[in-house]
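Trainee:
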Amino acid sequence: MAEGPTSVWSRPERGARGPAPERSREQLTAAAIELADEGGLTSVSMRQVARRLGTGPASLYRYISARDDLLDLMADAATGEIDLDAPMSGDPVEDLAALAGRAKEVHLRHPWLLDLPTEPTVGPRGMDYLEHALRALEPTSLPQASRLEIIGLVNGLVTLFARTELQRRNTPDGPGRARTSYLATATEERHPLIAAALAASPGTEASQDTHVLFERMVRRVLTGLVELP
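The sequence shown runs 1 to 229 under the numbering used here.
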């Protein structure tokens, strides 16, 4: 039976034979992240990483087998920037909301995380993050499978709001234009619920604070899902 693909972390960083490598996967990863931070994922290629390191592209294949390995290493390194040392309060809602806020900040610092073509293979830092999130849910009586579902939902909110916040940075008047368009189109006769919701919603200036909205939404979702004994 053919074996499935193995992750980059399951393979040794250097082969048993041949000269000692001049670089390390950590150096390759750091160079790739620099390129992605500067120009997005499209700027990350084996050739460009090699150029950043001052070496030839072929030499990189001593450390990784393909660009996908590099993307996995990048995603895991970025996940490692999420602070997991902050003490927990014992309140699952507060602890997960705080973790989500720190995760969102990392996504804002590295926008290319939102453009990864596929779900990256979970690496050691990703495992640490998941373990930390599960520990935050330990005070609950939730089934283990439900805890994983909650963490997945929170991660989805992190990426959704990070993307929204980045879009608003690039087009700060976007929400105002959208609200104006709704107001111009909705009529009390045909769309009474939309008109009422828009009339009660805050103005453009207040709605631009996506961080406040993010924290409120995460806490509301978690409060509805987390059941303390």
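Using N, Cα and C, we set each Cβ at its ideal position, and we do this for glycine too.
Do the stretch 74 to 85 and the stretch 122 to 131 make contact, defined as three or more Cβ pairs closer than 8 Å?
Mentor: With a cut-off of 8 Å, the stretch 122 to 131 and the stretch 74 to 85 count as touching, because enough Cβ pairs lie within range.
Trainee: Alpha carbon to alpha carbon, what distance is there between Leu160 and Pro192?
Mentor: One C-alpha to the other measures close to 28 Å.
Trainee: Going by other Cβ atoms of all chains shown within 10 Å of its Cβ, with 16 needed for buried, is Thr210 buried or exposed?
Mentor: With 16 or more other Cβ atoms within 10 Å, it is buried.
Trainee: Taking 7 Å as the limit between beta carbons, can you name the residues of its chain near Ser89, skipping five residues before and five after?
Mentor: Taken in chain order, the residues that qualify are Asp95.
Trainee: Specify whether the stretch 48 to 61 and the stretch 28 to 37 touch according to this definition: at least 3 beta carbon pairs, one from each stretch, less than 8 Å apart.
Mentor: As far as the Cβ criterion goes, the stretch 48 to 61 touches the stretch 28 to 37, which means the pair count is three or higher.
Trainee: Would Ala162 and Ile151 be called neighbours here (beta carbons separated by less than 8 Å)?
Mentor: Contact: no.
Trainee: Round the Cβ separation of Val106 and Glu131 to the nearest angstrom and send it over; I've been treating them as touching at under 8 Å.
Mentor: The Cβ separation is near 17 Å, so there is no contact.
Trainee: Suppose the cutoff is 7 Å on Cβ atoms and the five residues either side in sequence are ignored; what does the same chain contact list for Met217 look like?
Mentor: Closer than 7 Å at the Cβ level, and outside the excluded window around Met217, lie Leu157.
Trainee: By a C-beta neighbour count over all protein chains shown, 10 Å radius and 16 as the cutoff for buried, is Asp69 buried or exposed?
Mentor: Per the 10 Å Cβ criterion, buried.
Trainee: Report the option in Ile194, Ala197, Thr185, Asp115 whose CA atom is closest to the CA atom of Val44.
Mentor: Of the candidates Ile194, Ala197, Thr185, Asp115, the one whose C-alpha sits nearest the C-alpha of Val44 is Asp115.
Trainee: Rounded to the nearest angstrom, what separates Glu26 and Pro12 at their Cα positions?
Mentor: Glu26 and Pro12: Cα-Cα distance of roughly 13 Å.
Trainee: Between Pro87 and Ala136, is the Cβ-Cβ spacing less than 8 Å?
Mentor: Contact flag unset, no.
Trainee: Can you list the alpha helix (DSSP H) stretches of 4 or more residues lying completely in the stretch 109 to 180, in chain order?
Mentor: As far as the stretch 109 to 180 is concerned, its whole alpha helix (DSSP H) runs of at least 4 residues are 124 to 136, 144 to 170.
Trainee: Can you list, in chain order, the residues of its chain with a C-beta nearer than 7 Å to that of Leu113? Leave out the 5 residues immediately preceding and following it.
Mentor: Same-chain partners within the cutoff: Ala75, Ala78, His107.
Trainee: The alpha helix (DSSP H) with Thr210 in it runs from where to where?
Mentor: Taken as a continuous stretch (DSSP letters only), the alpha helix (DSSP H) holding Thr210 covers 210 to 225.
Trainee: Return the chain-ordered list of same chain residues with a C-beta closer than 8 Å to the C-beta of Leu28, the five sequence neighbours on each side being excluded.
Mentor: Excluding sequence neighbours, Leu28 sits near Val49, Leu53, Leu60, Tyr63, Ile64, Leu70, Leu73.
Trainee: Please state the DSSP three-state secondary structure of Pro12.
Mentor: Looking at Pro12 - three-state DSSP - the assignment turns out to be coil, as it is neither helix nor strand.
Trainee: Quick check on the burial criterion: 16 or more other C-beta atoms within 10 angstroms. Buried or exposed for Leu198?
Mentor: Leu198 should be labelled exposed.
Trainee: Give a single yes or no on whether Arg168 has its beta carbon closer than 7 Å to a heavy atom of the ligand SAM.
Mentor: Absence of the ligand SAM from the depicted structure is noted, as is the absence of any ligand whatsoever, leaving it without description.
Trainee: Spatial neighbours of Asp83 within its chain, please: C-beta separation below 8 Å, excluding the five flanking residues on both sides.
Mentor: For Asp83, where only same-chain residues beyond five positions count, the Cβ hits under 8 Å are Arg102.
Trainee: Report, in whole angstroms, the separation of the C-beta atoms of Ile97 and Arg219, which I expect to be a contact under 8 Å.
Mentor: Correcting the residue identity first, residue 97 is Ala in this sequence and not Ile. Yes, they are in contact, since the Cβ atoms of Ala97 and Arg219 sit about 5 Å apart, within 8 Å.
Trainee: Helix, strand or coil: how does DSSP classify Leu84 here?
Mentor: If DSSP states are grouped into helix, strand and coil, Leu84 belongs with coil.
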